[in-house]
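2 protein chains.
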Amino acid sequence: MAGKDISVSRLLKLAHQFNCFYLSGLQSGNSWPFIVAGRQVGLIRPDVLSKLSKYPEVFNFQTNCVTLNPAFRDYAERSAKIEEVLKECRAQGTFITLKGWRDECYEVRAGFSSEPLFKMDRSATCLFGICNYGVDINGYVMDPEKGLCIWLQRRSPTKQTWPGRWDNMVGGGLSVGYGVLETAHKEAEEEASIPPELMTKLRSGGSVSFFFESERGLFPNTEFVFDLELPINFIPKNNDGEVEKFELLPAKEALVRVLSTEFKTTSCPVVLDFLIRHGIITPDNEPHFPELVELLHVPLQSLYRVRSCTENGDVCTT
Amino acid sequence: MAGKDISVSRLLKLAHQFNCFYLSGLQSGNSWPFIVAGRQVGLIRPDVLSKLSKYPEVFNFQTNCVTLNPAFRDYAERSAKIEEVLKECRAQGTFITLKGWRDECYEVRAGFSSEPLFKMDRSATCLFGICNYGVDINGYVMDPEKGLCIWLQRRSPTKQTWPGRWDNMVGGGLSVGYGVLETAHKEAEEEASIPPELMTKLRSGGSVSFFFESERGLFPNTEFVFDLELPINFIPKNNDGEVEKFELLPAKEALVRVLSTEFKTTSCPVVLDFLIRHGIITPDNEPHFPELVELLHVPLQSLYRVRSCTENGDVCTT
């Protein structure tokens, strides 16, 4: 209970890990806002800034922000011009993250409910600190003996990112042209072969948001979370070669797994949110409960909105 | 779906209402940090500052913050000295909120997991912008015909705050000496006469946090939320005279009620969170879903932590 334990709990330490940029890098002010059509859509680290400065016809450098050349008037032109630069960078090996080029694009917007301004290969969004949106499905079983059990997947050892790490049962990014629910159904089929009749039990449960940083770049991520109760005899089966195996774990063992270094750091928020919503992590067993819940929902939607860009490129607060 | 509707939804407008201080007053910088034992525990509005300046032996005014006299060395002394001032203010009618003096105290801490520094009557905490913690129980029924239904209460017309407004089935503040789960059980008995055998189904579901402001003061509130599935034939019955009546509403009608002006503004977050966790409000029917979820969990635990006070009373970032 409150006050009983004032040391930082293991769960809070983990929440600090997947929010490492939110809690420190963001405050440092070293990264510059990335402005498109007068609105901030991202944040660029100094190491990336120095590389992009070689493309002044695409990226205009102001005193404290980078603006996409306003001569590019629409979605298609902006997308094409940026892709050209990224493909050159990829060919020259400028950024490690581009080794994982996916030929799959994410929409870039100034806030989830705004119109897309352009699209970008998903391997590159972390260079620009662009908000990524994904969908995750918590597959669970109510076992008469073991109680609440959760299906986890082990990522294939050949995956470009986080190879061999433990992960949620089903998860995938929101690609251009796909809606949230649509992505949930697509990924459930591709990653775990869940038949449509079982998917009728899919329930929206909320979303998590956090801001992670790695050597690859910046990851302001929002995941739409769904819960799916599965029959006790159903076993997920991978369809796309991206999963090594699945394992069903009682809730408390799943929590131990999440706390281990074997779990993909950026997938931990979804499991923690599930365990909180299902009464496994509670204010009575986690002394930092309110802070943990807040760190699962950091204010990404307003993070970039406090700044906008005037016509001459200056950043000002609105 | 995303991009389809870019106007501000009714739900987002409501989230702006119960976060009116978080979204505007906080940025204005007109309120001053309230520092106790070197740590910020609150925020004081200019109207309150001018009244408190009459008590320099208790409240030390620095250039940009107010410090509780550091000569008060412990919990008991701090509590007593502040209570003395508040009782004088109450007798003189200085603050309208003190008309609702409750003889019931809240602990004051710099963060939920920190040791309490002193206690204060619950009617006064809004004068100092002190974080309040409460417990709410969403009582619900799975009706075979109507689906998910929610019990709401109408507050007594004689209540000091929000008289006659609609509210959650059960809710109450975390008073000195009571834990989270303990408060849930106490309030369930007092407000709705829920028998212990039904309370075995009580499940922790998370917490919401928001920062509201009214003419009475500042309300940075965290509510620990619990769900309780009730039998279809159970009817809550008030025990303490604070409830006019209870009503069971299908989830969608409950949402209409929450959006009406008849609902207590600061109780809306708990119902919205319930409707999100139970798949009624989803990314497919609410275009601003991620922003709504973030505004139900604003970072109150870190809001005051960025500042601490040096020995000579200056506020500095840590």
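These protein sequence lines are chains D and H, in that order. Once you know that position 161 of the first sequence is 161 in the working numbering, the rest is easy, because the numbers rise by one and skip nothing. Once you know that position 208 of the second sequence is 526 in the working numbering, the rest is easy, because the numbers rise by one and skip nothing. All C-beta atoms in this analysis are idealised placements derived from N, C-alpha and C, irrespective of residue type, glycine included.
- In this structure, the beta-carbon distance from F224 of chain D to L300 of chain D does not fall below 8 Å.
- For the pair P283 of chain D and V498 of chain H, the CB atoms are nearer than the 8 Å cut-off.
- When DSSP states are grouped into helix, strand and coil, D103 of chain D belongs to the coil group.
- If you ignore the 5 residues before and after E244 of chain D, its C-beta comes within less than 6 Å of the C-beta of R154 and S156, all in its own chain and listed in chain order.
- Within the stretch 515-588 of chain H, complete alpha helix (DSSP H) segments of at least 4 residues are found at 569-577, given in chain order.
- Put simply, of H:N486, H:T501 and H:M487 the residue whose alpha carbon is nearest the alpha carbon of S493 of chain H is H:T501.
- G489 of chain H is positioned such that its CB atom lies closer than 8 Å to that of V453 of chain H.
- Secondary structure note for D136 of chain D: its beta strand (DSSP E) is the uninterrupted segment N132 to D143.
- Taking 8 Å as the CB threshold, S522 of chain H lines the interface with chain D.
- Rounded to the nearest angstrom, the Cβ distance from R575 of chain H to L435 of chain H is 39 Å, too far for a contact under 8 Å.
- When secondary structure is reduced to three states using DSSP, Q62 of chain D falls in the coil class, being assigned neither helix nor strand.
- For H606 of chain H, at least one C-beta of chain D is nearer than 8 Å to its own C-beta.
- In this structure, the straight-line span from the alpha carbon of K13 of chain D to that of M169 of chain D is close to 24 Å.
- With contacts defined as CB atoms closer than 8 Å, F21 of chain D and L218 of chain D qualify as a contacting pair.
- Counting other Cβ atoms within 10 Å of its Cβ, D591 of chain H reaches 16 or more and is therefore classed as buried.
- With respect to F564 of chain H, I550 of chain H sits apart: the two C-beta atoms are not nearer than 8 Å.
- At a cut-off of 8 Å, the C-beta of G597 of chain H has a neighbouring C-beta in chain D.
- At a cut-off of 8 Å between beta-carbon atoms, I194 of chain D makes no contact with chain H.
- For W484 of chain H, the CB contacts under 6 Å within the same chain, skipping 5 residues up- and downstream, are L470, R472, R575, E580 and F581 in chain order.
- Contact annotation, Y304 of chain D with V41 of chain D: C-beta distance approximately 7 Å; criterion of less than 8 Å satisfied.
- In this chain, the alpha helix (DSSP H) harbouring I82 of chain D covers Y75 to Q92.
- Each of D:L198, D:T161 and D:S260 was checked against the Cα of S214 of chain D, and the nearest Cα belongs to D:T161.
- The Cβ atoms of K399 of chain H and V426 of chain H lie no closer than 8 Å to each other.
- Listed in chain order, the positions of the stretch 220-231 of chain D with a beta carbon within less than 9 Å of a beta carbon of chain H are T222, F224, F226 and D227.
- For L499 of chain H, the three-state secondary structure derived from DSSP is helix.
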